[in-house]
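**Student:** Got a structure here, written out as structure tokens. Questions coming.
2 protein chains.
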Amino acid sequence: MLNQNVESLRPLFKPQTVAVLGASTSPYKIGYLQIKALLDGKFDGEIFPIHPTADEIAGLPCYPSLSATPKQVDLVIFCVGYDQIKDSLADCAKHGVKSAIIFASGFSEAGEEGQQLQQELAQLAKQYGIRVVGPNCVGLVNTSNGLIGTFTPSILTVPQNGKKGVGYISQSGAFGILTYMAAAKHGVLFNYFVSTGNEMESSFEDFVEYMIHDDETNVISGYLEGAKYPDQLKVLAKQALKKKKPIILMKTGRSDAGSRAAASHTGSLAGSDKVYDGFFRQHGIIRAEDFDDIVAFSKIFNPEKLPTGKNTVIITSSGGRGINEADRCEGYGLNIMELSEQTKTAIREYLPSYASVTNPIDLTAAASVANPEYYLYPMRALVNDPDVDNIIFTEFPYMWHADTPELQEFLTLCRNSNKTVLVCPFPLDEQMTYPAATSLLIENGISVIPCDLNPIRALSKLVDYSERVRLENAIADEQEAVTTPIDLSDIVTPGQLLSEAQASEVLQRYGIPTPQRFIATSVEQAIDQARVIGFPVVMKIDSPDIPHKTEADAIRLNLQNEADVAIAYDTIVTNAKNYKPDATINGVAVIEMLQPGVELIIGAHNDPTFGPVIMAGLGGIFVEVFKDVAFKVAPLTRHDAIDLFEQLKGNAILNGARGKAAVDKEALIDVLLKVSTLMTEQKDLIQELDINPIIAYEKGVKTADSMIATKQAAPTTSTTQLIGG
Amino acid sequence: MLNQNVESLRPLFKPQTVAVLGASTSPYKIGYLQIKALLDGKFDGEIFPIHPTADEIAGLPCYPSLSATPKQVDLVIFCVGYDQIKDSLADCAKHGVKSAIIFASGFSEAGEEGQQLQQELAQLAKQYGIRVVGPNCVGLVNTSNGLIGTFTPSILTVPQNGKKGVGYISQSGAFGILTYMAAAKHGVLFNYFVSTGNEMESSFEDFVEYMIHDDETNVISGYLEGAKYPDQLKVLAKQALKKKKPIILMKTGRSDAGSRAAASHTGSLAGSDKVYDGFFRQHGIIRAEDFDDIVAFSKIFNPEKLPTGKNTVIITSSGGRGINEADRCEGYGLNIMELSEQTKTAIREYLPSYASVTNPIDLTAAASVANPEYYLYPMRALVNDPDVDNIIFTEFPYMWHADTPELQEFLTLCRNSNKTVLVCPFPLDEQMTYPAATSLLIENGISVIPCDLNPIRALSKLVDYSERVRLENAIADEQEAVTTPIDLSDIVTPGQLLSEAQASEVLQRYGIPTPQRFIATSVEQAIDQARVIGFPVVMKIDSPDIPHKTEADAIRLNLQNEADVAIAYDTIVTNAKNYKPDATINGVAVIEMLQPGVELIIGAHNDPTFGPVIMAGLGGIFVEVFKDVAFKVAPLTRHDAIDLFEQLKGNAILNGARGKAAVDKEALIDVLLKVSTLMTEQKDLIQELDINPIIAYEKGVKTADSMIATKQAAPTTSTTQLIGG
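Chains as they are written, first to last, in full-length UniProt numbering: chain V, 1 to 725; chain U, 1 to 725.
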């Protein structure tokens, strides 16, 4: 089945004919630079400069208008100003143009008038099926067909060879161009570069989808400031995982956390960055720390040979470099494994006695000075060790040339093994490496990445990615259950902060275990209820007019027997009446007193980008001092729920650290999934939800306190409440 | 007063005459390459090749022996093998040679015989006052006088110009050479490079001292695997701080933590790396994460203009770059400050309305394309804002040349201000930056460091360093008090793990508050003692033969009254006797029952490198799950003790987080200082000490449990004990 988005974008990426609107005879104008760029890039289609009077520009014949071009136009590049865009686009529509690049700015980024115009343009483009990059962008490049659809002259000053197969999509024009150029300088020429600009008609996600379906693309990379269509991105990420096409995105704005006013703890902790982290992890999108991750990852990625695990061996001729890279590996979560005795013995057979066969394997300076064959020898043993996943060389003998038998044996060993082999030379390529061997290494599936490009970090991301791909194939797709939303209209009034009793009732309807609670309107009733619940109990006033129960001295904890309950009832009612004589009093709540256990926080909020987002963390100081919480976007799968806990530093405690028993994780997972269902079903009604704490026991869990704010409810000060209610 | 170490090292760094032993006529031998390196380096003294028969080598006349040289020889470079070293050194001694470089390996790193020979050589060198670099090293370089005292030919292939004043000392030859070359490639030519090798006669610390006293050195950098003389390094670090000569060291081996068997919690947490971290922080030594920190720090460091604080402003023409660098700043602890209304108003006066005057200040693409003057305008306001400490430009207008009036005004503003100004262009120097302006910027005290060299990390390290320099000048030198060690011989037997009671007694002698405790030998005595202490109390058996009191069921907690005490006494004695009928029973300990408070761990251990090391952390999960502990080397100053707590993530809790009162920090500091005194005085006796937990209250602290292992005491399994004991 043809994908409509992909098919309609093809003329943008692979046009046969390109018209340049606003072509200029002046070599300093965009309208000239653009034509020159297409020529210098050796664009493999036809170029039609549109100019009212000129005969030729840069050697190409000109045409006075779109209607005068000799062929149907696939792509029009707009080198005209803001005020001519509307008429020009209408002209394109009239002539059946299939796609357009619009550089001009002044639209949605520049105020109301611009926004208005952009809307009109978008409508026009959609009506006539014109796919548009921009406006307010630096354009689009396809290095395979020489389509340099940008006026930026510098883009052609960098090397135009190097590994292809990497698509790059950027929400920042300047950052995009710089990354494109830096990557090319480091030997990675992107096959596509798209500056998305205002995403008037085509979005970041649309281009991701194009590249997922594009046979020339192996790696989809990008610079993201904010996803416009996270639901679409989620679906695409899943498709990309299935196809083993990694999506690696740099996302900025890490430091903008949580300045929004929020009623809940969850809301205040959920800076957009943490939610993005959760979303990326959830859907197997790799997060690049910086542009170097994209370059190094592109170099190291090979869909045919994904790393088999974290176990890593380092081979070096310098003890110092070995230790340093080992530090880095462990810092990024790779495991500098202990070698088996069998493997050590096998290595020792070939190496001189002074070489160290512990990991890192130190071949000593002899290897780099006089005995390059030492680089080969350990490989004979390592490729046969099933526990070894990755092998890193800190340098490679510069004496090895194509016809060296040792190099040939080395290449054969690597080619036939499932190990990921990586060479990370010091960044002094000219002097210190093995130009003769580099291309042979790369051809044989060995990555060569100078250590200042952070190859170890890229390797660790690749290892995680590979794990994710395996997981994706291992677990069955969970169908999102179609549920009939539970009716909450009798409890929840939009625009309201729910009372504790109401919040508790909402949780209960979703099957989340809450403490037993009754409302007593007499001492006798309170005693009966306490007997049903079992002692000890907690009692507190139930009145919509007394939100601050502690201030009213209308709470009593740890009531051990009937006498305690009787006294408490009278005291609470008296105190409440004294506190607020005209308060409506529903009665006194009698509530189960919870036993101590491991306290957690489970929360959710309705994120402006992602919709319902679920948070989990350990309670108390874990959340308040260490911010040890993790987020995922609802609806959660079972695996998401498990992984939310596994991300926590405090997970050890759930598993039973400090000699204590493990808590009931299944019950916790169940609550997370129910909160996910609740938030998904009620996303139009509920803005924020905190269960803080939820207490986990060896068997079972119980919510101790909860808070729910409906949408449009004004944030209020958080209510600190006591266990038991 | 002349410094003997410095004076005697001078002929090594600044020889007038150099002899090359083992000179060779073969261009592939070290004995030839070394002479060629001196010639190519344009060594400004005389070179005497020593060769038994040759007349000349590389155009220089040869001499058959040291005795035949026409002048006294300052430095001899040994290009001879292992077996000739001893005779040659003896020959040097005979001829009054002042210094030597020995490349050969096979000494202390290669087994017993080599160790033996090295010791003899060291003795000889010391006796005749010959300063020696090596053996097992790659040599020494002084770029100021062209002394290329290394056979490594590649060292001259990198740029031989660039900022000088950076000394570099390396305990790894290969890493050292690579760093030297990478730095030169990035425009920092070290003035000195020393590969210390086996440090037979001259140590890493000796070279640090030389550079502290050397007028040509502004920054002392290095690669350290392990300090041989930490006491000397500590004294030198202080001198360097006073002179504002930063010492920046890369220290590897981060991941080698805590594999040693250890009796104490502290011992098992104190991987050497964490102790180095503490030592460096304590003494103002900057820790480089990688070689790039050394290069970037060297570029940014200016002793005349240290950063005034953390408040940082970013100026950019690309929103994306601005956000990205802001993320980095915050990640490294710099503060992306909010600009004052006054400053914003002043900036708005000059900039167009679409530019963003929030921080990062986004000048928009207009600045980089057509309006370079925008880069100047905000500076007019920022240099006058006393809250601004650092100003970072993500790029700089490439249109500005020396005669641009805007550039001239820019330079004047920077020169006359106390702000640290940093330009961090994307690493595409050739295409994207301002070659015409760069040297002018640098001359005017503005650093230009491409962003792939981690300039932001270097800036944050510089900010910390500046803070440390200010502190060093602000606090009076604390004299290390000369104390008479307290006699512990009646309690402590070497080779022993102390009983809880003994450990408690040791702490008490040093004035550390321990719970009240008595030994009762009758019920009546126990009741009397409990009355003195005050209820509730804890009771437990006191017997050298029953270390596992819980197993013996010989502990009772929370005894509320005399009746409880009476029953407990009898039960404990009965249970103990049943558990071990032949046990010697001293009696039953009656101990104050401590109230809950904030639990901390304070510990110490005798580090093989640093001697007594003190650790502090919050107790329980803080230490067990988050490893939230910090180390410093004893003896501690008061500032060290304060800083130990400030380093903790959990410090917020000590200061009264979660609505609770702050704990008595003064009392905690007092305990730390007392533990420091204890460990310093008893360092020959005590190996490890844990106070875990120590309980801190609003007023006062009290140790709840303690463990002391003497030196040579075999590590035993850790004893988990209860509060009150």
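C-beta: ideal position from N, C-alpha, C; glycine also.
Whose Cβ in chain U lies nearer than 8 angstroms to the Cβ of Tyr354/V?
**Tutor:** Mapped onto the first sequence, residue 354/V falls at position 354. Going along chain U in sequence order, the residues near Tyr354/V (Cβ under 8 angstroms) are Ala110.
**Student:** When the distance is taken between beta carbons, is Ile449/V closer than 8 angstroms to Ile300/V?
**Tutor:** Here residue 300/V refers to the residue found at position 300 when the first sequence is read from its first residue. Here residue 449/V refers to the residue found at position 449 when the first sequence is read from its first residue. Going by C-beta atoms, Ile300/V is nearer than 8 angstroms to Ile449/V.
**Student:** So which residues on chain U does Ile621/V lean against when the C-beta distance must stay under 7 angstroms?
**Tutor:** In the first sequence, residue 621/V corresponds to position 621, counting from 1. Going along chain U in sequence order, the residues near Ile621/V (Cβ under 7 angstroms) are Ile653.
**Student:** Closest to Asn416/U by C-alpha separation, out of Leu382/U, Gln84/U, Pro612/U and Gln682/U, would be which residue?
**Tutor:** Locating residue 416/U in the second sequence gives position 416, counting from the first residue. Among Leu382/U, Gln84/U, Pro612/U and Gln682/U, the Cα nearest to that of Asn416/U is on Leu382/U.
**Student:** Is it the case that the segment 521 to 536 of chain U contacts the segment 546 to 556 of chain U, given that we only count it when at least three CB pairs across the two stretches are under 8 angstroms?
**Tutor:** No, the segment 546 to 556 of chain U does not touch the segment 521 to 536 of chain U.
**Student:** Out of Ala501/U, Leu306/U and Thr394/U, which one is the CA nearest neighbour of Glu467/U?
**Tutor:** Along the second sequence, one-based indexing puts residue 467/U at 467. The shortest Cα separation from Glu467/U among Ala501/U, Leu306/U and Thr394/U belongs to Leu306/U.
**Student:** In this structure, does DSSP put Phe518/U in helix, strand or coil?
**Tutor:** Sequence index remark: in the second sequence, residue 518/U carries index 518 (1-based). In the structure shown, Phe518/U sits in a strand (DSSP, three-state: E or B).
**Student:** Applying a beta-carbon distance threshold of less than 7 angstroms, which residues of chain V neighbour Phe426/U?
**Tutor:** What you label residue 426/U is simply residue 426 of the second sequence in a count that begins at 1. Chain V residues near Phe426/U: Leu178 and Ala182.
**Student:** Just to check my reading of the structure: Asn558/V and Met593/V have Cβ atoms closer than 8 angstroms, yes? What is that Cβ distance to the nearest angstrom?
**Tutor:** Position 558 of the first sequence, counted from the start, is the residue given in the question as residue 558/V. Position 593 of the first sequence, counted from the start, is the residue given in the question as residue 593/V. Contact holds; Cβ gap of about 6 angstroms.
**Student:** With burial defined as no fewer than 16 other Cβ atoms inside 10 Å of the residue's Cβ, what is the status of Arg260/U: buried or exposed?
**Tutor:** If you number the second sequence from 1, residue 260/U lands on position 260. Caution applies to Arg260/U, whose pLDDT of 37 falls short of 50 and renders its modelled position unreliable; the model cannot decide the point.
**Student:** Could you run through the segment 435 to 452 of chain V and flag, in chain order, every residue whose CB is less than 8 angstroms away from some CB of chain U?
**Tutor:** So the list reads Asp452, given in the order they occur along the chain.
**Student:** Who are the neighbours of Gly319/V on chain U, taking C-beta pairs under 7 angstroms?
**Tutor:** Translated into the one-based positions of the first sequence, residue 319/V becomes position 319. Here the neighbours are Ser172.
**Student:** Go ahead and label Thr412/V buried or exposed: buried means 16 or more other beta carbons lie within 10 angstroms of its beta carbon, across all protein chains shown.
**Tutor:** For the purposes of this step, residue 412/V is taken as residue 412 along the first sequence, with counting starting at 1. Flag for Thr412/V reads exposed.
**Student:** Does at least one heavy atom of the ligand FMN sit under 7 angstroms from the Cβ of Leu685/V?
**Tutor:** Among the ligands in the structure shown, none appear at all, so the ligand FMN cannot be discussed.
**Student:** In chain order, what residues of the same chain have a beta carbon less than 7 angstroms from the beta carbon of Asn161/V, not counting five sequence neighbours either side?
**Tutor:** The residue you call residue 161/V lines up with position 161 of the first sequence. Once the five neighbours on either side are set aside, the close Cβ partners of Asn161/V are Leu189.
**Student:** By a C-beta neighbour count over all protein chains shown, 10 Å radius and 16 as the cutoff for buried, is Leu407/U buried or exposed?
**Tutor:** Sequence index remark: in the second sequence, residue 407/U carries index 407 (1-based). Burial call: buried.
**Student:** From this set, Leu9/U, Lys14/U, Glu472/U and Ser24/U, which residue's C-alpha is nearest Arg281/U's C-alpha?
**Tutor:** Reading the second sequence from its first residue, position 281 is the one you call residue 281/U. The candidate whose alpha carbon is nearest that of Arg281/U is Glu472/U.
**Student:** Quick one: Cα of Leu363/V to Cα of Ala370/V, how far?
**Tutor:** Taking the first residue of the first sequence as position 1, residue 363/V is located at position 363. Taking the first residue of the first sequence as position 1, residue 370/V is located at position 370. The straight-line gap from Cα to Cα measures roughly 11 angstroms.
**Student:** Based on the DSSP secondary-structure assignment, which residues constitute the bridge partners of Pro49/U?
**Tutor:** Within the second sequence, numbered from 1, the residue matching residue 49/U stands at position 49. Pro49/U pairs with Val20/U.
**Student:** I'd like to know whether the C-beta of Thr252/U is nearer than 8 angstroms to at least one C-beta of chain V.
**Tutor:** Looking up residue 252/U in the second sequence gives position 252. Answer yes: the Cβ-Cβ gap between Thr252/U and chain V drops below 8 angstroms somewhere.
**Student:** Check each candidate in Thr420/V, Ser439/V and Asn384/V and name the one with the smallest Cα separation from Tyr398/V.
**Tutor:** Start at 1 with the first residue of the first sequence, and residue 398/V comes out as number 398. Comparing Cα positions, the closest option is Ser439/V.
**Student:** Which residue wins for smallest C-alpha separation from Asp582/V, given the options Phe610/V, Gly619/V and Ser543/V?
**Tutor:** Position 582 of the first sequence, counted from the start, is the residue given in the question as residue 582/V. Among Phe610/V, Gly619/V and Ser543/V, the Cα nearest to that of Asp582/V belongs to Ser543/V.
**Student:** I want to verify the contact list: residues of chain V whose CB lies under 9 angstroms from the CB of Lys274/U, in sequence order.
**Tutor:** Locating residue 274/U in the second sequence gives position 274, where the first residue counts as 1. Chain V residues near Lys274/U: none, gap ~13 angstroms exceeds 9 angstroms.
**Student:** What residue range is occupied by the uninterrupted beta strand (DSSP E) comprising Lys632/V?
**Tutor:** Translated into the one-based positions of the first sequence, residue 632/V becomes position 632. It spans Val629 to Val633 - the beta strand (DSSP E) in which Lys632/V sits, taken as one unbroken run.
**Student:** Taking CB distances under 8 angstroms as the criterion, tell me whether Ala657/V reaches chain U.
**Tutor:** Here residue 657/V is taken as the residue at index 657 of the first sequence, counted from 1. Output row for Ala657/V: interface = yes.
**Student:** Would you kindly report the start and end of the unbroken beta strand (DSSP E) that includes Glu599/U?
**Tutor:** Looking up residue 599/U in the second sequence gives position 599. From DSSP, the beta strand (DSSP E) with Glu599/U extends over Val598 to Asp607.
**Student:** Can you pull the chain U residues whose beta carbon is under 8 angstroms from the beta carbon of Ile649/V, in chain order?
**Tutor:** If you number the first sequence from 1, residue 649/V lands on position 649. The question names Ile, yet the displayed sequence has Lys at residue 649/V. Residues of chain U passing the Cβ test: Val625 and Phe626.
**Student:** Could you tell me whether any Cβ in chain V is nearer than 8 angstroms to the Cβ of Leu156/U?
**Tutor:** As a position in the second sequence, residue 156/U is number 156, starting the count at 1. No, Leu156/U does not count as interfacial toward chain V.
**Student:** Considering only the beta carbon of each residue, do Ile686/U and Ser706/U sit closer than 8 angstroms?
**Tutor:** Your numbering for residue 686/U matches position 686 in the second sequence. Your numbering for residue 706/U matches position 706 in the second sequence. Their beta carbons are not under 8 angstroms apart, which means Ile686/U does not touch Ser706/U by this criterion.
**Student:** How long is the line joining the alpha carbons of Asn390/U and Gly176/V, rounded to whole angstroms?
**Tutor:** As a first step, residue 390/U is located in the second sequence; it is residue number 390 there, counting from the start. As a first step, residue 176/V is located in the first sequence; it is residue number 176 there, counting from the start. Rounded to the nearest angstrom, the two C-alpha atoms are 27 angstroms apart.
**Student:** Which value, in whole angstroms, describes the spacing of the CA atoms of Pro378/V and Leu351/V?
**Tutor:** Position 378 of the first sequence, counted from the first residue, corresponds to residue 378/V. Position 351 of the first sequence, counted from the first residue, corresponds to residue 351/V. Approximately 8 angstroms between the Cα atoms of the pair.
**Student:** Does the beta carbon of Ala365/U sit closer than 8 angstroms to a beta carbon anywhere in chain V?
**Tutor:** In the second sequence, counting from the first residue as 1, residue 365/U sits at position 365. Yes, Ala365/U lies at the interface with chain V (some Cβ there is under 8 angstroms from its Cβ).
**Student:** Could you tell me which residues DSSP puts in a beta bridge with Thr703/V?
**Tutor:** As a working mapping, residue 703/V is identified with position 703 in the first sequence. In DSSP, Thr703/V forms a bridge with Ile694/V.
**Student:** Would Ile336/U and Cys329/U qualify as a contact pair, given that the criterion is a beta-carbon distance under 8 angstroms?
**Tutor:** For this step, residue 336/U is matched to residue 336 along the second sequence. For this step, residue 329/U is matched to residue 329 along the second sequence. Result yes, Cβ atoms of Ile336/U and Cys329/U sit closer than 8 angstroms.
**Student:** Can you tell me the Cα-Cα spacing of Ser202/V and Val313/U, whole angstroms?
**Tutor:** In the first sequence, counting from the first residue as 1, residue 202/V sits at position 202. In the second sequence, counting from the first residue as 1, residue 313/U sits at position 313. Looking at the two C-alpha atoms, the distance is approximately 35 angstroms.
**Student:** With H, G and I counted as helix, E and B as strand and the rest as coil, what does DSSP make of Lys310/U?
**Tutor:** By one-based count along the second sequence, residue 310/U stands at place 310. Residue state, collapsed to three classes: coil.
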